[in-house]
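Undergrad: Quick one: the structure is below, questions incoming.
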Amino acid sequence: MGTFIVLEGIDGAGKSTQAKLLKVWFEERGYEVVLTKEPTDTAFGRLIRRLVLTGGKEGIIDGAKISHEAEALLFAADRAEHVDKLIKPSLEAGKIVISDRYFYSSLAYQWARGLDLEWLIDLNRFAVRPDLVVLLDLPVKESMKRLRSRSIKSEFDRIYELQRRVRENYLKLAERFPEIKIVNALEDVDSVHRQIVALVEAILEEK
Ligand SMILES: Nc1ncnc2c1ncn2[C@@H]1O[C@H](COP(=O)(O)OP(=O)(O)OP(=O)(O)O)[C@@H](O)[C@H]1O
Ligand SMILES: [Mg+2]
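Right, dumping it as C-alpha cells:
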C-alpha cells in the first residue's frame, strides 16, 4: 500500500504551493507520486466549477444558486469518482498520493454553510482515510492578503466571514480526526515545508 497525504486549509493558506514542494521532496527520494486535487479535473469537477464556484451565475435554473445539499452531493459525487478511479488504484500500486483538498474541505465549508456535520460525515464515509492530513492554519486576514494579487471569482473567496468560520471548523475537525495535524502556515514557504516534511517523516517511520 502507498501513502495518502492531504493538504487542507482556507483559501490562500498555501496548499497548492506546499503540495508541489512535497511532490518534489518525495520524488527526490525515489518515490512515485500522484499529485491530485479536489474538485477534480473530471466532468464532475468541471460541473462543480460551473455550478458552484462561479457563484451560481450559470446555475441550473435561471442563474439560481443550487441548494447547499445539492452542492454537498456534487462534491461527494466528484470525490467518489476520485477515490475509485485515481486514489485507490494509485495507493494499491504503492504510490504516494498527495491531494490538494479532500473531504475535510467539504466538512469545513459545507458545515459553515449550515449543513449538518454528521450528515456530511456519513455522506463521505466511502472516502478512504488518509495517512496524514496537513492543516495549514493561519488567520483569514493573512490569507486574504496573499490572495489579493490574484483575481478570484469564486464566491468562497469573497466572503471573509465564511473563511473565518471555515478556519474555526477546520480546527474543530482537527480535534475529531486524529490524522489531522496543524501546521502554522504564517511562516515562510520553506519553514512551512520543513514542518510538513517532519510530519511526513513521522508517518513514513510508523509504516
Ligand atoms: N508561506 C507563505 N508565505 C507567503 N506567501 C505564501 C506562502 N505560501 C503561499 N504563499 C503565496 O500565497 C498565495 C496563495 O498560495 P496557494 O495558491 O498555494 O494557496 P492555496 O491554499 O492553494 O489557495 P486556494 O485555496 O485558493 O487554492 C500564492 O500567491 C503563494 O505564492
Ligand atoms: Mg490552491
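Residue numbers (the numbering used here): 1055 to 1261. Even for Gly, the Cβ is constructed at its ideal location relative to N, Cα and C. The structure displayed is predicted, hence computed values, not measured ones.
1. Report the rounded CA-to-CA distance for LEU1240 versus ARG1202, giving the unit in angstroms.
2. List, from N- to C-terminal side, the beta strand (DSSP E) runs of 3 residues or more that fit wholly inside the segment 1190-1261.
3. Tell me whether SER1121 sits in a helix, a strand or coil according to DSSP, three-state version.
4. For ligand 2, is there any heavy atom lying closer than 8 Å to the beta carbon of ASP1154?
5. Exposed or buried, TRP1173, counting other C-beta atoms within 10 Å across all chains shown (16 or more means buried)?
6. How many angstroms separate the CA atom of GLU1086 from the CA atom of LEU1189?
7. Smallest Cα separation from VAL1137: which of ARG1183, LEU1075, LEU1161?
8. Where do the ends of the beta strand (DSSP E) carrying LYS1142 lie?
9. If we ignore side chains and look at the alpha-carbon of each, how far apart do TRP1079 and ALA1181 end up?
10. Going by DSSP in three states, LEU1177 sits in which element: helix, strand or coil?
11. Are the beta-carbon atoms of LEU1161 and LEU1101 separated by less than 9 Å?
12. Is the segment 1064-1076 in contact with the segment 1130-1147, if contact means three or more CB pairs nearer than 8 Å?
13. So, for VAL1254: in the same chain, excluding its five sequence neighbours on each side, which residues have a beta-carbon less than 6 Å away from its beta-carbon?
14. Start and end of the beta strand (DSSP E) containing GLU1062?
15. Could you tell me the alpha carbon to alpha carbon distance between ASP1191 and ALA1097, rounded to whole angstroms?
16. Classify ASN1178 as buried or exposed, calling it buried when 16 or more other Cβ atoms lie within 10 Å of its own Cβ.
17. For the alpha helix (DSSP H) that contains LYS1069, what are its first and last residues?
18. Can ARG1090 and ILE1150 be called in contact, C-beta distance under 9 Å?
19. Kindly give me the distance between the Cβ atoms of SER1153 and GLU1092, rounded to whole angstroms, as I take these residues to be in contact under 8 Å.
20. Is LYS1199 close to ligand 2? I mean its beta-carbon at under 8 Å from any heavy atom of the ligand.
21. What is the residue span of the alpha helix (DSSP H) that LEU1161 lies within?
TA: On the basis of the data shown:
1. For the purposes of this step, residue 1240 is taken as residue 186 along the sequence shown, with counting starting at 1. For the purposes of this step, residue 1202 is taken as residue 148 along the sequence shown, with counting starting at 1. Spanning the two alpha carbons is a distance of roughly 16 Å.
2. Within the segment 1190-1261, the complete beta strand (DSSP E) runs of at least 3 residues are 1234-1238.
3. As a first step, residue 1121 must be located in the sequence shown, where it is residue number 67. Coil at SER1121, not helix or strand.
4. In the sequence shown, the residue the question calls residue 1154 occupies position 100. Annotation for ASP1154 indicates a beta carbon within 8 Å of some heavy atom of ligand 2.
5. Walking along the sequence shown from the start, residue 1173 turns up at place 119. Exposed, by the Cβ-count rule.
6. What you label residue 1086 is simply residue 32 of the sequence shown in a count that begins at 1. What you label residue 1189 is simply residue 135 of the sequence shown in a count that begins at 1. In a straight line, the C-alpha of GLU1086 is about 23 Å away from that of LEU1189.
7. Here residue 1137 refers to the residue found at position 83 when the sequence shown is read from its first residue. Comparing Cα positions, the closest option is ARG1183.
8. As a working note, residue 1142 is residue 88 in the sequence shown. Under the DSSP assignment, LYS1142 falls outside any beta strand (DSSP E), being part of the alpha helix (DSSP H) whose first and last residues are 1142-1146.
9. Sequence index remark: in the sequence shown, residue 1079 carries index 25 (1-based). Sequence index remark: in the sequence shown, residue 1181 carries index 127 (1-based). When rounded, the distance between both Cα atoms is 26 Å.
10. Counting from one through the sequence shown, the residue named residue 1177 turns up at place 123. Residue state, collapsed to three classes: helix.
11. As a working note, residue 1161 is residue 107 in the sequence shown. As a working note, residue 1101 is residue 47 in the sequence shown. No; because the gap between Cβ atoms is not below 9 Å, this pair is not in contact.
12. no
13. The count along the sequence shown starts at 1 and reaches residue 1254 at position 200. So the list is empty, once near-sequence residues are dropped.
14. Residue numbering aside, residue 1062 sits at position 8 when the sequence shown is read from its first letter. Counting along the chain, the beta strand (DSSP E) containing GLU1062 begins and ends at 1057-1062.
15. If you number the sequence shown from 1, residue 1191 lands on position 137. If you number the sequence shown from 1, residue 1097 lands on position 43. When rounded, the distance between both Cα atoms is 31 Å.
16. Within the sequence shown, the letter at position 124 stands for residue 1178. ASN1178 is buried by the Cβ-count criterion.
17. As a working note, residue 1069 is residue 15 in the sequence shown. Note, LYS1069: alpha helix (DSSP H), 1069-1082.
18. For the purposes of this step, residue 1090 is taken as the residue at position 36 of the sequence shown. For the purposes of this step, residue 1150 is taken as the residue at position 96 of the sequence shown. Looking at the sequence itself, residue 1090 is Thr, so the reference to Arg does not match. No. Outside cutoff.
19. Here residue 1153 corresponds to residue number 99 of the sequence shown, with the count starting at 1. Here residue 1092 corresponds to residue number 38 of the sequence shown, with the count starting at 1. The Cβ separation is near 6 Å, so the contact holds.
20. Translated into the one-based positions of the sequence shown, residue 1199 becomes position 145. No, the beta carbon of LYS1199 sits no closer than 8 Å to any heavy atom of ligand 2.
21. What you label residue 1161 is simply residue 107 of the sequence shown in a count that begins at 1. Run containing LEU1161: 1157-1166, per the alpha helix (DSSP H) assignment.
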